[in-house]
Ligand SMILES: [Zn+2]
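Residue numbers (my numbering): 22 to 200.
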C-alpha cells in the first residue's frame, strides 16, 4: 500500500483545490472536474467499501470541443452488480435523469469507477465496455471518458482519467496542476 503514499498523485490529492484538469500529451483531449463532484465520488466509494462501484459522468464540451467539463455525476443505478474486482453498471433511472439534464444542454460524457485496494488503471472489461459505448449509437458519445479512483479513500487513493476515442486505442490523460 506504500504505493499510494509515495505516488505524486496522492501527494497532490491532499492539497485543497477547487477543480482538477487532465489532458492528453498531444492536448487533443481534456477533462475538467470540480472538487465538489470528486467529493461525491468519495462518498460512493466509502459506501461501497471493498467492492467496486461506479456511475456516469455528465456535462458539456468546451466550444473547441477538446475538453469535457463534468458538471454532474451519479452513483450506481439500482440494477448495477459488483464484486471485489468487477462492476457492471445498471441502467435503472438513467434515461429520465439524462433527459432532464439534456434540456439544460448537459450530456453523457462517460463513466467513473472505483477500484478498491487496486490501481486506477482500466481493466480489460473496462476497456471493452468503454469501446462499446464509443461505438454505440445509443450513447451518442464517440469519445467517452473513464475516471478511475483506486486505493482506499479517504486516506490513500489515486485518481486517473482516460479517453476512449471510437475505433482508436485509448489515451491516458495526465493531471495538470495549475499554478
Ligand atoms: Zn473498472
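Idealized CB from N, CA, C, for every residue including glycine.
Going by DSSP in three states, residue i sits in which element: helix, strand or coil?
{"i": "residue 50", "result": "coil"}
{"i": "residue 134", "result": "strand"}
{"i": "residue 91", "result": "strand"}
{"i": "residue 180", "result": "strand"}
{"i": "residue 198", "result": "coil"}
Taking the C-alpha atoms as reference points, what is the distance between residue i and residue j?
{"i": "residue 189", "j": "residue 148", "result": "12 Å"}
{"i": "residue 109", "j": "residue 89", "result": "24 Å"}
{"i": "residue 94", "j": "residue 105", "result": "22 Å"}
{"i": "residue 145", "j": "residue 151", "result": "10 Å"}
{"i": "residue 76", "j": "residue 125", "result": "20 Å"}
{"i": "residue 128", "j": "residue 184", "result": "16 Å"}
{"i": "residue 194", "j": "residue 101", "result": "27 Å"}
{"i": "residue 92", "j": "residue 186", "result": "21 Å"}
Looking only at DSSP bridge pairs, what is residue i linked to?
{"i": "residue 77", "result": "132"}
{"i": "residue 44", "result": "51, 195"}
{"i": "residue 103", "result": "108"}
Contained alpha helix (DSSP H) runs [length at least 4] in the region 109-174, N- to C-terminal order:
115-123, 145-156
Is the region 55-72 in contact with the region 39-46, if contact means three or more CB pairs nearer than 8 Å?
yes
Counting pairs of Cβ atoms below 8 Å between the region 153-172 and the region 110-118, do you hit three or more?
no
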